[in-house]
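Structure record follows, encoded as structure tokens.
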Amino acid sequence: MNKHHMKKGVNLIGYARAEFGLGEACRLAAKALESAGIPFCIINFPYSPSRQNDLSWKHKEAVAPLYNTNIFFINADQMYYHYNKNSLKRAWFINRYNIGYWHWELPNFPIYWNENFNLVNEIWVPSQFTFQSISKNTSKPVVIMPHGILVEFPTNMNRKYFGLPENRFLFLTMYDIQSTSARKNPNGVIEAFKEAFKKDDGQVGLVLKVNNSNHFPKELAKLKQKIAEYENISVIDKILSRQELNGLMNEMDSYVSLHRAEGFGLPIAEAMSLGKPVIATNWSGNVDFFNENNACLVDFYLEKIERNYGPYHANQEWAEPNIFHAANYMTKLVHDRDYANKIGLNAQKTIMSDFSPKIIGMKYKSRLIELGLI
């Protein structure tokens with residue numbers, strides 16, 4: 000292998016401009032590489048149905064890899080597909096050390112994705128949970144590399160900007176209709192809120208931020224029907240820029256995720272970094288940065304997935320969060336502000352001390368040095 004003759008550094012290959020979770024993960028990786036002073040360039044991979052308007056790393060883009068190491072922020076199912084079509088250029092892989100940064104949200108990694116291991120030398124995963132899932136299927140190194148969290152929010156966006164009421168305790172939940180509502184379980188959040196508060200309770204509100212609703216008008220109509228009688232539940236379905244999204248999150252009092260499965264739980268960590276008390280299912284990727292001092296841990300039981308939802312197949316299991324437990328937390332946060340503040344402050348400390356771009360960048364660095372790549 001002549002990788003030693005190539006410049007030392009990282010080619011970050013992923014959805015660098017796309018406005019969805021994996022795109023954000025790729026941009027966070029850029030931040031981590033930059034924080035650690037690792038030379039890198041970005042190859043924007045445009046094959047995603049999401050909007051491609053995030054140009055924050057455009058200045059680092061290149062048309063072809065410049066360095067000896069590739070890190071692909073492209074999920075396993077997509078890699079082989081694009082490699083075969085040559086939209087992921089085969090030449091890019093040759094004589095380089097190839098790392099696949101992969102997410103997966105269930106306990107078992109699909110066997111029919113195993114051929115993807117042939118494309119990479121090692122796999123990086125964001126959590127203990129994804130490590131358990133993916134490492135069972137391969138003898139190649141699997142290394143836990145969490146996301147480095149940084150939420151830069153604009154100071155000029157208040158609640159009025161988003162058309163939201165001032166003097167209420169506002170809960171936020173966000174989901175992308177594309178990444179299957181069944182997994183993100185916004186209905187669970189709506190049920191918990193209805194359990195906790197009356198439909199005309201003017202002290203509280205629930206905000207549902209929905210992405211990609213324009214592709215799924217039927218689902219959106221169903222959602223609006225479900226909340227029609229509740230004047231304190233609102234939907235934001237227009238497309239927000241990343242800055243606006245961060246601004247929205249910062250204006251909220253609490254973030255709620257009654258997910259059935261998460262590979263990492265990026266919005267959960269982001270809300271925590273802003274000092275928000277988070278209510279979330281105590282299972283899967285988020286448990287790595289979750290404890291009873293920095294979050295509201297919702298009980299659950301594991302159940303078989305009832306049918307196929309996209310890539311999530313019926314032969315696996317995921318969590319069914321306890322709606323009443325979540326509702327109790329909602330009430331507690333509204334009525335016990337000291338508790339809410341303490342949880343939020345501890346959350347912020349956890350993310351800043353263990354999951355900052357600088358800390359994660361150092362993890363990247365020590366692994367790449369260990370491999371003799373930089």
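First residue of the sequence shown? That's 0 in the working numbering, and the numbers climb one at a time after it.
Don't be surprised by glycine CBs; every beta carbon is placed ideally from N, CA and C.
A distance of 9 angstroms or more separates the beta carbons of D53 and G20. Taking I70 as reference, the option from V333, K135, M144 and N83 with the minimal CA-CA separation is M144. In this structure, I176 lies away from E230, with their beta-carbon atoms at least 9 angstroms apart. For the pair S253 and N83, the Cα-to-Cα distance works out to about 44 angstroms. In the DSSP secondary-structure assignment, S256 is bridged to A279. Here K6 is bridged, per DSSP, to Y66. Under the three-state reduction of DSSP output, P185 falls in the helix class. F323 is positioned such that its CB atom lies closer than 9 angstroms to that of E194. Annotation: T330 to F196 spans about 8 angstroms, alpha carbon to alpha carbon. Between S34 and K275, the C-beta gap is not smaller than 9 angstroms, which leaves the two residues out of contact. Residue burial is scored here from C-beta neighbours: V62 has fewer than 16 other C-beta atoms within 10 angstroms and is therefore classed as exposed.
The C-beta distance from N293 to T349 rounds to 5 angstroms, short enough to fall under 8 angstroms. Cα atoms of P48 and F263: separation of roughly 22 angstroms, rounded to the nearest angstrom.
The Cβ atoms of E319 and A313 do not sit closer than 9 angstroms to each other. Unbroken beta strand (DSSP E) runs of no fewer than 3 residues, entirely contained in the region 177–239, are found at 203–210 and 232–235, following chain order. The alpha-carbon of I226 is positioned some 46 angstroms away from that of N85. For N321, same chain residues with a beta-carbon under 7 angstroms away, outside a window of 5 residues either side, are V297, D298 and F299 in chain order. When rounded, the separation of the alpha-carbon atoms in N107 and N136 is 9 angstroms. Annotation note: the region 118–154 contains the following uninterrupted alpha helix (DSSP H) runs of length 4 or greater, listed N- to C-terminal: 127–134.
In this chain, the beta strand (DSSP E) harbouring G99 covers Y96 to Y100. R16 has its alpha-carbon roughly 28 angstroms from the corresponding atom of N113. One thing to note: I41 has its Cβ no nearer than 9 angstroms to the Cβ of G8.
Of the other Cβ atoms in all chains shown, fewer than 16 fall within 10 Å of the Cβ of G371; this residue is therefore exposed.
Classified as buried, A270 has 16 or more neighbouring CB atoms from the shown chains inside 10 Å of its CB.
Bounds of the beta strand (DSSP E) holding I41 are F39 to N43. Annotation for C25: L11, G13, Y14, A15 and F72 place their beta carbon closer than 7 angstroms to its own, counting only its chain and skipping 5 residues before and after.
Beyond the five residues adjoining it in sequence on each side, F289 comes within less than 6 angstroms, by CB distance, of no other residue in the same chain. The criterion of a C-beta distance shorter than 9 angstroms is not satisfied by K6 and G147.
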